[in-house]
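Residue numbers for the sequence shown follow the numbering used here, beginning at 4 and rising by one.
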Amino acid sequence: MMLSVVIMYAAFAYDLVRSDFVKLLSLYAALFFLSFKVIQLQKPNWKLLLGFGIVFRLVFLFAIPNLSQDFYRFIWDGRLIAEGINPYLSTPQEWMQSGNFGVVAQARQLVEGMQSLNASHFTNYPPVSQWVYALAGVLYPKSILGSVIVMRVILIFADVVTFIFIRKLLQQLKLPKHQALWYFLNPLVIIELTGNLHFEGLMVMCLLISIYLLLKKKWIWAAVLFGLSVSVKLLPLVLLPLFFHYFRKQERLNIYKLIAFYGITFLTVLITFLPFLSVELIQNFGDSIALWFNKFEFNASIYYVIRWIGFQTVGWNIIGIAGKILPIVILITVLGLSFFRNNNSEKTLFASMLFAFSIYFLLSTTVHPWYVITPLAISIFTHYKYLLIWSFTVILSYTAYGINGFNEQLWLVGLEYVLVVGYLIYEFNSSEKIKLF
């Protein structure tokens, strides 16, 4: 069985194009079934399964990512930093038009690889991610594959550390430690992090170490690690309000330490930005982040319903309006979870984190498959399993990338969310102990 899994991951890594959705879905479904079958059969042998998980990731070591072009931008930013150039101050297209592209080795290949949409906007990747890109740029300034290998090794290491701390947290919460394998051997995690080089893996590692340290009452280092997780990806900022009740009611923690926790977190983020800091960075970074709410659309759920209503009522795409309102709705909902739900125990806190992430993505205009990995990691510490369903159904979004170009199949997007939300409703209704407020 394990050999079959290795062969299928090899096919995924070296013999698959994104537009061949039938093959993609067939491989993914088989990997999903076999992976969880292996967990069921071998869950006491966690060291053996840890080794298998590492082997599955090493299969991708020499493969160029085939489901995402983002890595070309990672390499571009890293090579700029290696040359002492701030990557936040210009777009790749501006570099190409200015005639300075000779500074970056393989510049034309990188820009063509990242495609015009990515090349036309400023980078939105925070500094800790940029440090990894820079390391790849220093070690392999003229090799795309070499840069890929450097980033891939770091992400594999991050996954192993994440697995270790998931087990520690499960032990702390008195939950079955084999649940760590639901994350570590999940095909979505292996394919999107190791295979396609998305840095959610590094963010999740820092986030979970931070939470572990917080549960151990080491709140200062917890704040530092939380700040580092934000400086990999900004997403953990959504969770900050949820600590209000936890700090207020936990022994040895109080409201003053909460304020200090927030202060150290933001100070850590600021320090990571200092090497790049400028007025232009703030403007460019903000503009790039705004695109994810006001322009980009992919695999959304509630937003697509709102967009359809907009077409029916006013006759045009209302993303400009919805993109300003939905973040406010997310903020209000998360604040509601923070102040009206007693997050004074670890299990309740994890459940609120899961709800906060779920609300964020259900109201987002863009939900790429790898976005689901962060709430999946948090769900391991709750009794909710709808994220496992989502980690399978989210692969349906790849039908948008056909031979003839980008074209979302909205009925499949609908199927994805009907299955996820339907199972979430089932889990709520089947538990008499769950009270959101």
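Even for Gly, the Cβ is constructed at its ideal location relative to N, Cα and C.
Taking the alpha carbon of residue i as the reference point, which residue from the options has its own alpha carbon closest?
{"i": "Ala32", "options": "Val424, Glu411, Ile392", "result": "Ile392"}
{"i": "Glu349", "options": "Gln174, Ile328, Ala303", "result": "Gln174"}
{"i": "Leu28", "options": "Phe39, Ala14, Lys40", "result": "Ala14"}
{"i": "Ile147", "options": "Leu242, Leu158, Leu113", "result": "Leu113"}
{"i": "Gln286", "options": "Ser93, Leu399, Gly81, Ser22", "result": "Ser93"}
{"i": "Gln253", "options": "Asn346, Thr369, Leu338, Gly326", "result": "Asn346"}
{"i": "Cys209", "options": "Phe168, Leu178, Lys177", "result": "Phe168"}
Straight-line CA distance for residue i to residue j?
{"i": "Phe65", "j": "Phe55", "result": "18 angstroms"}
{"i": "Ser132", "j": "Ser234", "result": "7 angstroms"}
{"i": "Phe353", "j": "Phe250", "result": "14 angstroms"}
{"i": "Val192", "j": "Pro372", "result": "10 angstroms"}
{"i": "Ala122", "j": "Lys219", "result": "44 angstroms"}
{"i": "Phe202", "j": "Phe431", "result": "31 angstroms"}
{"i": "Val2", "j": "Arg255", "result": "No information on residue 2 is available, as it lies outside the stretch 4 to 440 that the chain covers here."}
{"i": "Tyr307", "j": "Phe314", "result": "10 angstroms"}
{"i": "Ser150", "j": "Pro144", "result": "8 angstroms"}
{"i": "Tyr12", "j": "Tyr374", "result": "21 angstroms"}
{"i": "Ile333", "j": "Ala359", "result": "8 angstroms"}
{"i": "Tyr186", "j": "Ile157", "result": "18 angstroms"}
{"i": "Val241", "j": "Thr271", "result": "17 angstroms"}
{"i": "Ile84", "j": "Val107", "result": "10 angstroms"}
{"i": "Ile499", "j": "Asp23", "result": "Outside the shown range of the chain, which is 4 to 440, sits residue 499, and nothing can be said about it."}
Looking at the structure shown, is residue i part of a helix, part of a strand, or coil, going by DSSP?
{"i": "Thr369", "result": "strand"}
{"i": "Ile143", "result": "This sequence places Tyr at residue 143; Ile is not what is there. If DSSP states are grouped into helix, strand and coil, Tyr143 belongs with coil."}
{"i": "Phe395", "result": "helix"}
{"i": "Gly149", "result": "helix"}
{"i": "Gly102", "result": "coil"}
{"i": "Tyr128", "result": "coil"}
{"i": "Gly289", "result": "helix"}
{"i": "Tyr404", "result": "strand"}
{"i": "Phe343", "result": "coil"}
{"i": "Phe202", "result": "coil"}
{"i": "Met5", "result": "helix"}
{"i": "Phe299", "result": "coil"}
{"i": "Phe63", "result": "coil"}
{"i": "Phe384", "result": "coil"}
{"i": "Leu439", "result": "Only weak support exists for where Leu439 lies, its pLDDT of 46 falling under 50; the value from the coordinates is given anyway. Here Leu439 sits in coil by DSSP."}
{"i": "Leu70", "result": "coil"}
When we look at the beta-carbon of residue i and count the other beta-carbons within 10 Å, is it buried (16 or more) or exposed?
{"i": "Trp414", "result": "exposed"}
{"i": "Lys236", "result": "buried"}
{"i": "Val227", "result": "buried"}
{"i": "Lys316", "result": "Here residue 316 is Thr; the residue named in the question, Lys, does not match the sequence. Looking at its Cβ environment, which holds fewer than 16 other Cβ atoms inside 10 Å, Thr316 is exposed."}
{"i": "Asp290", "result": "exposed"}
{"i": "Met4", "result": "exposed"}
{"i": "Gly408", "result": "exposed"}
{"i": "His386", "result": "exposed"}
{"i": "Arg60", "result": "buried"}
I need the boundaries of the alpha helix (DSSP H) containing residue i, first residue and last residue.
{"i": "Gln118", "result": "110-122"}
{"i": "His248", "result": "246-252"}
{"i": "Asn432", "result": "413-432"}
{"i": "Tyr307", "result": "305-316"}
{"i": "Val25", "result": "24-45"}
{"i": "Thr268", "result": "258-276"}
{"i": "Ile223", "result": "222-233"}
{"i": "Leu242", "result": "Neither: Leu242 is in no alpha helix (DSSP H) and is coded neither H nor E."}
{"i": "Thr186", "result": "According to the sequence displayed, residue 186 carries Tyr and not Thr. Element bounds for Tyr186: 183-187."}
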